[in-house]
Amino acid sequence: MVVALLLVGIAVVVTHWPALGARALTFDDDEYLLDNEVVQQPSWGNASRFLAEVLRPSTVQGYYQPLTMISLMLDCVRGGTPSNLRPFHETSLALHVMNTWLVIGILYLLFGRLTVAAVVGLVFGVHPMTVEPVAWVGERKTILAGFFALWSVLSYVRYVRTNRWGWYGVATTGFVLALLSKPTAVPLALVMVALDAWPLRRSNSRHSLWEKVPFLALAGIFALVTIVSQRHMERVALSSFSAGQTLLLMFHNPLFYIGHMTWPSRLSPLYPFPEVISFANVALLVAVIANVLLFVALLISLRWTRALLIGWLCYLILLFPTLLNKGYSPSVAWDKYAYLPAIGLLMILAWAVGLGYDLVWAARGPKVASGVVIGAAVVLAGLEFAGTRAYLRQWRDTLTLHQYMASLAPRSVPVRYNLGLAYAEKGDVPAAMTEFKQAIALNANHVGAHGSLANLLLRLNRPTEAATHLVRALELDPSLVMARNSLANVLAMQGRHEEAFAQYQEVLRINPDYVNGHRNYGLMLRMVGKNELAAVHLARVIELGAGDASVHNQLGLALAALGRREEAGIHFRKAARLAPDWPEPRLNETRLRAAATATAPVEHSTRAGLSSSEEGGQDARPPRTATYPGR
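End of the sequence shown = 636 in our numbering, gap-free, step of one.
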């Protein structure tokens, strides 16, 4: 057993080794790492915050997933940063290896054949569809929840085989930890019921049903928490589907994943929705017919075995939570969604391989049977190795990944938008502008594309054009404080002070602690001589921990103009300490002292400037990756 686990583990590590050097960031990585200061600043307090924020998670949208966030925080302790992703990938690869071992353990306990369990586990471990959970930082939730869920299933099977309640307790603990990692593990209790029917073949006694009550109760609690937390999110539907269209997509996805499992080509982090979602779409019509025929065939198969139906049901049960809420997703399917549900299909595969093993054993003996099974597995694993390595090459950096995605889905708005962000991050402004314009051409109501294009136009000193896109972005989403702050900056540059003031005030109404709002409003007030109010906002910037030399110098000037010279001197000296090579704060302090005995004025600083996306903040720039919450 140990040798088999070791060999399979080595094969998985070797196959996925390039993932350790992957530098690609994509959807949701901003929430999980890039812009999540709580994750990047590990502490007991921040870990407690993740655990305490049950119904309203403040740092990542979607649902309660504290263990996922804490695990990412621990990787930051090991040196993980947005520019050094290796610690995150090391943890994810280690979890994937352990998940592969757990799959082998489950199949061995269920069927009693180590060779069969090992080769099926190998097929799972090196499959190209497992690249996404390993190489995608934000998908730690998938691979961590998978680890605890598989641990729970293995412990449950051990409990049934040994009738030792300690294993039942371990199974329950694993289930709780899976739910704390990602709530898509909710249906796991139903999988245990299915396993009782086959292959555990337990009678449907009251005892076996009562065993599931704690699991079902926990599932109900976490399902309720997920529903409530998602209702608290501020999110905009990306698409509007009727009940009939949603049902069609539910028929489509299970077969879509199986197609990619059997022929894993053109894999991508995003698959566009069909342009026509109705029976007029031949592919969807075929999917419905195929599902009906498959279900009939599975019912007929009960004459000979429960394996096919139970394995299929386990697959569908675990897949079901991800078949909902399609209106809030930019993708019709995600490879990561098939990671845990694959255990149902792996059970069918193990059963089928076991039948073949027995047939060859009966005809040619055990050595030949083992040789055939292992040989076939090695060939298949070799093909998977090639596919996995080819896909991993697309994850070497963000730009490469999004160029690859665009080659597969050229009319996908999220793909075009994210490709534009990748170009902007690389400093290729013309290419980025082209992508943002294409995204707007495909969807004139894409808020992020308007905001990002405005940001680039501001960099090119084209404020009038930028204002057009900022206004449109705010029409679509009035709560965008960064875009509104940038619009206020543009109005200020155009000399439209009262309009700029109104926008700054709205920014601070939406977010009273928005640093750049206070900074820019305070600087504008200083420019027009409204020093008393300017001092209030500049002081607030310092209170929020963003007081640089320029802010202290400007606050000193405002206080000096109000005759509060002692306080002004404190801020001039603070500015001088923060920027020792900048002479202006010292000159202003000298003039302040002279003004105490004469009438020498304190000069205005030339270092003042409005904080926009290029200095002091990220006002017009949306997240570096598009965020689609709730997955």
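We put the CB at the ideal spot given by N, CA and C, even for glycine.
Counting along the chain, where does the alpha helix (DSSP H) carrying residue i start and finish?
i: E36; result: Looking at the DSSP string, E36 is not in any alpha helix (DSSP H), and its letter there is neither H nor E.
i: F153; result: R145 to T167
i: K431; result: V418 to K431
i: Q46; result: Neither: Q46 is in no alpha helix (DSSP H) and is coded neither H nor E.
i: L221; result: V218 to R236
i: K579; result: R570 to L583
i: A563; result: A554 to A566
i: T251; result: A248 to T267
i: S508; result: At residue 508 the sequence reads Gln, which differs from the Ser that was named. First-last of the alpha helix (DSSP H) with Q508: H502 to I515.
i: Y526; result: V520 to M532
i: H542; result: N536 to E548
i: G126; result: L119 to G130
i: A459; result: V452 to R464
i: F300; result: V287 to S306
i: R477; result: P468 to L481
i: L329; result: Run containing L329: none; DSSP gives neither H nor E here.
i: L10; result: V7 to H21
Who are residue i's beta bridge partners in DSSP?
i: D402; result: R28
i: T86; result: N89
Report buried or exposed for residue i, applying the criterion of at least 16 other Cβ atoms within 10 angstroms of its Cβ.
i: F227; result: buried
i: F441; result: buried
i: A224; result: buried
i: M438; result: buried
i: D363; result: exposed
i: K431; result: exposed
i: P269; result: buried
i: Q510; result: exposed
i: T267; result: exposed
i: G110; result: buried
i: K187; result: buried
i: A302; result: exposed
i: M6; result: exposed
i: R477; result: buried
i: K372; result: exposed
i: I353; result: buried
i: A347; result: buried
i: S247; result: exposed
i: Q46; result: exposed
i: A16; result: buried
i: D340; result: buried
i: G425; result: buried
i: F55; result: buried
i: R393; result: The question names Arg, but residue 393 is Thr in the sequence shown. Buried.
i: Q499; result: exposed
i: I315; result: buried
i: N168; result: exposed
Under a three-way DSSP split, which group does residue i fall into?
i: K372; result: helix
i: E440; result: helix
i: I282; result: coil
i: Y320; result: helix
i: S63; result: coil
i: A381; result: helix
i: S610; result: Only weak support is given to the placement of S610: the predicted model assigns it a pLDDT of 47, under 50, and the value that follows is read from those uncertain coordinates. Residue state, collapsed to three classes: coil.
i: E58; result: coil
i: V337; result: coil
i: S491; result: helix
i: W141; result: coil
i: Y68; result: coil
i: L1; result: As shown, the chain starts at 6 and ends at 636. That puts residue 1 outside it, with no answer to give.
i: L615; result: A caution first: L615 carries a pLDDT of 46, below 50, which makes its placement in the model unreliable, though a value can still be read off. In this structure, L615 counts as coil in the three-state DSSP scheme.
i: W106; result: helix
i: W170; result: helix
i: W356; result: helix
Checking contacts by CB at 8 Å: is residue i closer than that to chain B?
i: F116; result: Although the question refers to chain B, the structure presented lacks it and comprises just one protein chain.
Handout entry: 4 or more residues per run - each alpha helix (DSSP H) lying fully within the region 173-215
Key = 193-202 and 211-215
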